[in-house]
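Residue numbers (our numbering): 80 to 250.
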Amino acid sequence: MFPYWNHLSELPTPFIFGFALTQIQVDAMARHILSAEEIAAVGGSTYRAIGRKMEEVGATTALVPFWENKVKYYCYVAGVVPSFNGKNPKATIAKPLIKHFFDTYGRGPNGEFEKMRSICMPWPEMYAFPDWLYPRMFQATRIILQKRADKARAEAEKVASDTDKSLATNA
C-alpha cells in the first residue's frame with residue numbers, strides 16, 4: 080500500500096499535533112456546531128457528541144483526551160507527523176489550519192479560543208489508531224521528504240554554480 084516504507088523494519092511512531100483544549104473550550108466547540116439534541120443524545124458529553132459528529136461526516140481529525148499535571152485536556156488534531164526515533168518531532172500548525180479552526184468553530188461566545196496552545200504528542204497507546212492516522216502521517220512524510228530533497232538540490236546547484244564560476248575565473 081505504501082511502497083516507500085518497504086525498506087523500513089518498523090513504521091515510524093505517529094505524533095499528533097494540534098491545539099490543547101480545555102473542557103470549557105470543548106463545550107464551546109460543541110455548542111457552536113451541534114444542537115442541544117445532538118449533545119443530549121450522548122448523555123450530555125460534548126466530547127462524545129463532537130466525536131460522533133466527526134465520524135458522521137468522515138472527518139480526518141479527532142479530539143484526543145490526555146492528562147497533564149492531573150488536568151484533562153483534549154488534543155484537537157490538526158495533523159500527524161512521523162517520528163523515527165520516538166522523540167517529539169517539530170511540528171507547527173500552519174496558518175490556514177488556524178484559520179479553518181476559527182472559521183469552523185468561531186472564537187467562542189466568551190472568547191474561549193483566544194488563548195490556545197499547540198501540542199505535539201505521540202498517539203496515546205490506550206486508543207486504537209483511526210483509519211486516517213497512518214495515511215495522514217505518510218502524506219506529511221512525503222511533504223517533509225520533498226522539502227528536504229528540494230533544499231538539497233538547491234544547495235547542490237549553488238555549489239556547482241560557484242565551482243563553475245571559480246573554474247572560469249581561474250582559467
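Every residue, glycine too, gets a C-beta built ideally from N, C-alpha and C.
Inset, instruction - Have a look at Pro201, Ile177 and Met133 and flag the residue whose alpha-carbon is nearest the alpha-carbon of Gly165. - result: Out of Pro201, Ile177 and Met133, Pro201 has the C-alpha closest to the C-alpha of Gly165.
Inset, instruction - Would you please verify whether the beta carbon of Asp241 is less than 8 Å from any beta carbon of chain C? - result: Absent from the structure: chain C. Only one protein chain is present.
Inset, instruction - Measure the C-alpha to C-alpha separation of Arg215 and Ala120 and round it to an integer number of angstroms. - result: 30 Å
Legend entry - Burial state of Pro209, where buried means 16 or more other Cβ atoms lie within 10 Å: buried
Legend entry - Beta-carbon gap between Glu191 and Gln102 smaller than 8 Å: In this structure, the beta-carbon distance from Glu191 to Gln102 does not fall below 8 Å.
Legend entry - Closest Cα partner of Ala138 within the set Pro203, Thr183 and Ser197: Ranking the options by Cα distance to Ala138, first place goes to Thr183.
Inset, instruction - For Ala141, count neighbouring C-beta atoms within 10 Å of its own C-beta (all shown protein chains included) and say buried if the count is 16 or more, exposed if not. - result: buried
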